[in-house]
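Chains as they are written, first to last, in this note's numbering: chain E, 2 to 111; chain S, -12 to 104.
Backbone N, C-alpha and C fix where the C-beta goes; we use that ideal spot for every residue, glycine too.
Being a predicted model, the structure only gives us computed values, none of them experimental.
Encoded as structure tokens, the structure appears first; notes follow it.
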């Protein structure tokens, strides 16, 4: 049973618009949530994280929102750029464990 | 060279072969990890080494055998694999084996794409 779910395998967004990637989780005990980005033929790289005691964290064009009551988090990218085309992995952490989702492939259209 | 380096990038092996995957990190980190990414599945943690000691074996079959001779190097020895073991094997490192792990960034290598025939 998946504890971290990314229900959209892929997403296409026009360049300059907002990209919203969604993630749901089942375990209310997770204390950190993270997003990793992966280009083809490369390993995932850390993008942004949020502690469970917060509901928003912003870093430049990237903002992560956490809704604990809905067990849902989202990553907003605005404005979207061609270099944002990649696979985005949502992850949740508790103690020394990190659970990853399956990933969402984001295509930024010209 | 900086970061986490994995070799080889691609590997094709038969079910009776023995091969090894190598990972090296140049970041001065003390924790290293092996992850497996199968098609259409989440990243799965296989092994964790903290300060060269194995602290996690996530129910991985014995045909996968890790080795960590020092905090900079990590190996995954493979023998008598099955076709379903074909996947991308990713090595990662983090600064220290702190908890909560989510407060640490994982630094990943580019992975070894393994095909078992």
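How is the beta strand (DSSP E) around residue i delimited, first residue to last?
i                     : result
residue 87 (chain E)  : 87 to 95
residue 50 (chain E)  : 46 to 52
residue 38 (chain E)  : 33 to 39
residue 11 (chain S)  : 5 to 12
residue 103 (chain E) : Residue 103 (chain E) -> no beta strand (DSSP E), and no H or E assigned at all.
residue 72 (chain E)  : Counting along the chain, residue 72 (chain E) falls outside any beta strand (DSSP E), and DSSP gives it neither H nor E.
residue 51 (chain S)  : 51 to 57
residue 44 (chain S)  : 40 to 44
residue 37 (chain S)  : 31 to 37
residue 0 (chain S)   : -3 to 0
residue 66 (chain S)  : 60 to 66
residue 58 (chain E)  : 57 to 60
residue -9 (chain S)  : -9 to -6
Residue i bridges to which residues according to DSSP?
i                     : result
residue 83 (chain E)  : None; residue 83 (chain E) has no bridge partner.
residue 109 (chain E) : E:14
residue 27 (chain E)  : The partner list for residue 27 (chain E) (beta bridge, DSSP) is empty, contrary to what the question assumes.
residue 119 (chain S) : A question about residue 119 (chain S) goes unanswered here, because the residues of chain S that appear run from -12 up to 104.
residue 22 (chain E)  : E:76
residue 65 (chain E)  : E:58 and E:76
Throw me the rounded Cβ distance for the residue i and residue j pair, which I believe falls under 8 Å.
i                    : j                    : result
residue 9 (chain S)  : residue 65 (chain S) : With 8 Å as the limit, residue 9 (chain S) and residue 65 (chain S) do not qualify as a contact, their Cβ atoms being about 12 Å apart.
residue 22 (chain S) : residue 77 (chain S) : 4 Å
residue 74 (chain E) : residue 89 (chain E) : Between residue 89 (chain E) and residue 74 (chain E) the Cβ distance is about 12 Å, and since that is not below 8 Å, they are no contact.
residue 81 (chain E) : residue 19 (chain E) : 7 Å
residue 62 (chain S) : residue -9 (chain S) : With 8 Å as the limit, residue 62 (chain S) and residue -9 (chain S) do not qualify as a contact, their Cβ atoms being about 14 Å apart.
Identify, in the order they occur along the chain, each residue of the same chain with its Cβ nearer than 7 Å to the Cβ of residue i, setting aside the five sequence neighbours on each side.
i                    : result
residue 92 (chain S) : 81
residue 5 (chain E)  : 24, 26, 91, 92, 93, 100, 101 and 102
residue 73 (chain S) : 101, 102 and 103
residue -1 (chain S) : 102 and 104
residue 15 (chain E) : 110
Excluding sequence positions up to five away, which residues of its chain have a Cβ less than 6 Å from the Cβ of residue i?
i                    : result
residue 53 (chain E) : 32
residue 60 (chain S) : 11
Please work out which residues of its chain come closer than 8 Å, Cβ to Cβ, to residue i, disregarding the five sequence neighbours upstream and downstream, and give them in chain order.
i                     : result
residue -12 (chain S) : For residue -12 (chain S), the predicted structure reports a pLDDT of 49, less than 50, and the residue's modelled location is therefore unreliable. A value from the coordinates is still provided. If we look at residue -12 (chain S) and ignore the five residues flanking it on each side, its Cβ neighbours are 13.
residue 2 (chain S)   : 67, 68, 69, 70, 103 and 104
Report the residues of the segment 28 to 45 of chain E with a CB closer than 9 Å to any CB of chain S, ordered along the chain.
31, 32, 33, 34, 35, 37, 39, 42, 43, 44 and 45
Residues, ordered as in the chain, of the segment 47 to 77 of chain S that lie near chain E by beta-carbon distance below 7 Å:
77
What are the residues of the segment 84 to 102 of chain E that lie near chain S, defined by any Cβ-Cβ distance shorter than 9 Å?
90, 92, 93, 94, 95, 96, 97, 98, 99, 100, 101 and 102
Within 7 Å of chain S by C-beta, residues of the segment 47 to 58 of chain E in sequence order
47 and 50
The segment -2 to 31 of chain S: positions lying closer than 7 Å to chain E by Cβ
Residues passing the 7 Å Cβ filter: 27, 28, 29 and 30.
Give the residues from the segment 64 to 78 of chain E that approach chain S closer than 7 Å (Cβ to any Cβ), ordered along the chain.
none
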